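See below for the structure under consideration.
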Amino acid sequence: MTGLAALTTAPESVVLAAEDLSMFGTDPWWLVVIKAVFCFAFLMVTVLFSIVWERKVVAWMQLRVGPNRNGPWGMLQSLADGIKLMLKEDVIVKRADKVVYILAPVVAAIPAFMAIAVIPFGPADNQVSIFGHRTTMQLTDLPIAMLYILAVASVGIYGLVLAGWSSGSTYPLLGGLRSCAQMISYEIAMGAAFASVFLYSGSMSTSAIVEAQADRWFVILLPVSFIIYIITMVGETNRAPFDMPESEGDLVGGFNTEYSSIKFAMFMLAEY
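Quick note: the sequence shown uses numbering that gives the first Met the number 0, first residue 0, plus one each step.
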């Protein structure tokens with residue numbers, strides 16, 4: 000009887016396991032890779048243009064021209080800066096803890112790329128055909144997608160603290176501690192802003208939240224939460240006036256003072 004019971008319960012456990020994994024999607028592995036590459040490329044292009052537009056806005060506020068040399072209206076300036084950083088010498092300071100020093104930019108950058116996995120690029124019922132396979136315009140959809148975004152974003156804080164600690168210098172250490180304290184503080188307010196969206200939409204799935212805004216955007220229904228989110232978003236990215244972790248007057252450059260080349264670029268990508 001024991002062996003018969005084991006045989007009858009084994010298929011049931013396999014079915015339950017398949018149902019549990021189905022929440023991550025049913026796409027084949029090659030389609031997941033294609034969608035991941037698209038998300039990565041989209042994120043990189045978005046970051047490049049975001050940096051250019053930030054510099055344009057700051058230049059306008061300071062009555063300057065801003066970047067205007069590389070590409071039309073200076074739109075390729077960020078691409079030129081990225082290529083320049085990759086061609087720079089990768090210097091590791093003598094007093095640095097080399098293993099942690101190298102891993103810190105990776106720990107900071109990877110969570111930033113992982114967060115886009117649950118961001119929908121279209122309605123949940125709008126599927127596209129890729130090599131004859133129908134799929135949604137989203138890498139994966141989780142029932143707790145918003146909690147996933149908050150959790151992944153929190154992991155990036157470790158990269159900043161480890162970068163400041165492993166550099167073997169006082170200024171990066173103070174910058175890392177400041178950045179850690181600031182990001183944790185603003186994530187509390189960001190979580191409160193997200194909570195109103197959860198309650199109003201009745202779901203933590205990003206696709207369900209987008210679908211709930213078909214009639215009216217939540218920015219109209221929840222203006223206070225939107226303003227709180229915008230403020231916390233600026234604080235999370237260490238942009239002015241929340242740039243104390245990178246204050247040049249007393250910290251030189253913040254937690255990434257001792258970094259150069261591609262490692263410095265990874266911190267920039269993680270912030271944006």
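Note that CB positions come from ideal geometry on N, CA and C, so glycine has one too.
Treat the numbers as computed from the prediction; the structure is a model and nothing was measured.
How would you call residue i, buried or exposed, if buried means at least 16 neighbouring beta carbons within 10 angstroms?
i      : result
Thr205 : buried
Trp29  : exposed
Ser166 : buried
Ser128 : exposed
Glu257 : buried
Leu15  : For Leu15, the predicted model reports a pLDDT of 42, less than 50, meaning its position is unreliable and no value from the coordinates is stated.
Ser77  : buried
Val117 : buried
Leu198 : exposed
Report the CB separation of residue i from residue j in whole angstroms; it is logged as a contact under 8 angstroms.
i      : j      : result
Pro273 : Gly155 : The displayed coordinates of the chain run from 0 to 271. Any statement about residue 273 would go beyond what the structure contains.
Glu53  : Ser259 : Actually they are not in contact, since the Cβ atoms of Glu53 and Ser259 sit about 22 angstroms apart, beyond 8 angstroms.
Phe254 : Gly175 : 4 angstroms
Leu161 : Val106 : 6 angstroms
Ser200 : Ala211 : 4 angstroms
Ala152 : Ala180 : At roughly 16 angstroms, the Cβ-Cβ gap does not stay under 8 angstroms, so Ala152 and Ala180 are not in contact.
Bridge partners of residue i, per DSSP?
i      : result
Val127 : Thr134
Helix, strand or coil, according to DSSP, for residue i in the structure here?
i      : result
Val13  : Low per-residue confidence applies at Val13: pLDDT is 44, beneath 50, and the placement is therefore not dependable, though the value from the model is reported in the following sentence. Helix at Val13.
Ala213 : coil
Met267 : helix
Ser200 : helix
(request) Within the region 21-102, note down every full alpha helix (DSSP H) run reaching 4 residues or more, in order along the chain. (result) Taking only runs of at least 4 residues, the alpha helix (DSSP H) segments lying wholly in the region 21-102 are 28-60 and 76-86.
(request) Pick out the complete alpha helix (DSSP H) segments inside the region 109-189, 4 residues or longer, and give them in chain order. (result) The region 109-189 contains these whole alpha helix (DSSP H) runs: 144-165.
(request) At 4 residues or longer, and completely inside the region 217-259: list those alpha helix (DSSP H) runs for me, N to C. (result) The alpha helix (DSSP H) runs of length 4 or more contained entirely in the region 217-259 are, from start to end of the chain, 217-220, 222-235 and 247-250.
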